[in-house]
Amino acid sequence: MKVVYRAIWDLPVEELFASGHRACAGCGPAIAMRWITKAAGPNTIVVNATGCMEVTTTQYPETAWMLPYLHVAFENAAAAASGIEAAIRTLSAKGLWRAGKTNVIVIAGDGGTYDIGLQALSGMLERGHHVLYILYDNEAYMNTGIQRSGATPKYAWTTTTPVGKAIRGKVQEKKDIMGIVMAHRVPYAATATIANLLDMTNKIKTALEYTEEGPTFLHILAPCPPGWRYPEELTVEMARLAVETGYFPLYEYDHGKVRLNPPTSQIAADPKRKKPLRDWLKLQGRFAHLTDAEIAELEREVAANLAYLSALAKAFS
37 MKVVYRAIWD LPVEELFASG HRACAGCGPA IAMRWITKAA GPNTIVVNAT GCMEVTTTQY
97 PETAWMLPYL HVAFENAAAA ASGIEAAIRT LSAKGLWRAG KTNVIVIAGD GGTYDIGLQA
157 LSGMLERGHH VLYILYDNEA YMNTGIQRSG ATPKYAWTTT TPVGKAIRGK VQEKKDIMGI
217 VMAHRVPYAA TATIANLLDM TNKIKTALEY TEEGPTFLHI LAPCPPGWRY PEELTVEMAR
277 LAVETGYFPL YEYDHGKVRL NPPTSQIAAD PKRKKPLRDW LKLQGRFAHL TDAEIAELER
337 EVAANLAYLS ALAKAFS
């Protein structure tokens, strides 16, 4: 990761994502949008898949986006961005593009990335388009009523994975989207959260710089108060605890090398620094039904994932 911002006061002041949108109070994705646009700067084209950040920010005739913005369907954001990037590249080659270096960024939720838009994402990555794809992950189809997605964690309650005697919420594990992206051998991919602001914004800058070489990818965990069922004032704390409990590790895939980032790297070096997963789970109504045995199972899965990533970092360092 290239360190552009070393302190909060180094971050850009210019606002490119306006207040007054219709996102829920405490909306994690809205926080992410504000800092994505700040880090990207004004010479940026945003391609936004259908989802929370589209329906809450673009009610005609108003918009929260102070950037060129294209709303597309759930499934084709990566394809649309591919076309925009190819057009800019062609016009530049002919000397007809006068805007200089222009960032093309896809912004899509977990439903539009893990599931509905996965085919278009894979195609964009395989073809090598110079696009940054940003996934804001609130772990369900929140816009349409909290339905499970491929990003929803095991045992989580959603409206399509109800909790009862026979079914204990979602029965499948969360899909490894970073592993899928890394398998495409892209120049750069990374995880981030809205709680680790300098880490996130520096990764955005790094990913944008590496689009000179090809496609890049950023996976941002962005908690959702109504979907996760926690008090709206705890959004940033929810993201922070997700990292500190090991549930959502911070790491980078940089030209074939895997690198853990703090505090994940510190937890991997000294597991005693990891907070209990229960501290994060107990704050969320979607996990209120969990038994001690189920929590212990999830703890083991978190430990196994950290061990796996640590092994990757050692093998590909």
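Okay, so the sequence shown: first residue is 37 according to this note's numbering, each after it adds one.
Yeah, the Cβ is synthetic: ideal placement off N, Cα and C, and Gly gets one too.
The beta carbon of HIS291 is closer than 8 angstroms to those of PRO223 and TYR224 in its chain, skipping five residues each way along the sequence. A Cβ-Cβ contact shorter than 8 angstroms links LEU342 with PRO285. When THR126, GLY77, GLN95 and HIS165 are compared, the shortest CA-CA separation from ALA117 is found for HIS165. GLU288: not part of any alpha helix (DSSP H); member of the beta strand (DSSP E) spanning 287-290, first to last residue. Along the length of the stretch 193-253, whole alpha helix (DSSP H) runs at least 4 residues long occupy 213-218 and 233-246, reported in chain order.
For THR300, the enclosing alpha helix (DSSP H) starts and ends at 300-305. Nearest in C-alpha terms to PRO189, of all of ASN179, ALA349, GLU337 and MET69, is GLU337. LYS211 is positioned such that its CB atom lies no closer than 8 angstroms to that of ALA231. Within the same chain, TRP193, GLY205 and HIS325 come within 8 angstroms of VAL199 by CB-CB distance, once the 5 residues on both sides are set aside. Here the alpha carbon of VAL83 sits roughly 12 angstroms from the alpha carbon of THR73.
Of the residues GLU50, LEU132 and GLY159, the one whose Cα lies closest to the Cα of GLY250 is GLY159. In its chain, beyond the 5 residues on either side, ALA61, GLY62 and PRO261 have a beta carbon closer than 6 angstroms to the beta carbon of GLU268.
In the structure shown, LYS311 falls within a coil segment according to DSSP collapsed to helix, strand and coil. Taking a 10 Å sphere around the C-beta of ASN112, we find 16 or more other C-beta atoms and assign the residue as buried. About 14 angstroms separates the beta carbons of ARG265 and ARG184, which is beyond the 8 angstroms limit, so they are not a contact pair.
Around the beta carbon of ARG221, fewer than 16 other beta carbons lie within 10 angstroms, which makes this residue exposed.
At the C-beta level, ALA347 and GLU288 stay beyond 8 angstroms of one another. Per DSSP, reduced to three states, the secondary structure at VAL294 is strand.
Judged by DSSP in its simplified three-state form, ILE152 adopts coil rather than helix or strand. Where LEU334 is concerned, the enclosing alpha helix (DSSP H) starts and stops at 328-351. Per DSSP, ILE141 is one residue of the beta strand (DSSP E) stretching across 139-145.
As for any beta strand (DSSP E) of minimum length 3 sitting wholly inside the stretch 49-100, the runs are 80-85, ordered along the chain. Pairing LEU52 with ILE141, the inter-Cα distance amounts to about 14 angstroms.
Comparing alpha carbon positions, the residue from GLU209, ALA54, LYS239 and PRO307 closest to GLU330 is GLU209.
Within the same chain, Cβ atoms closer than 8 angstroms to the Cβ of ARG42 are found at LEU234, the five residues on either side in sequence being excluded. If the five residues before and after THR93 are omitted, its C-beta is found closer than 6 angstroms to the C-beta atoms of HIS57 and ALA100, all from its own chain and listed in chain order. Taking the Cα positions, GLU175 is about 11 angstroms away from ILE256. Residue environment for LYS293: exposed (fewer than 16 other C-beta atoms within 10 angstroms of its C-beta).
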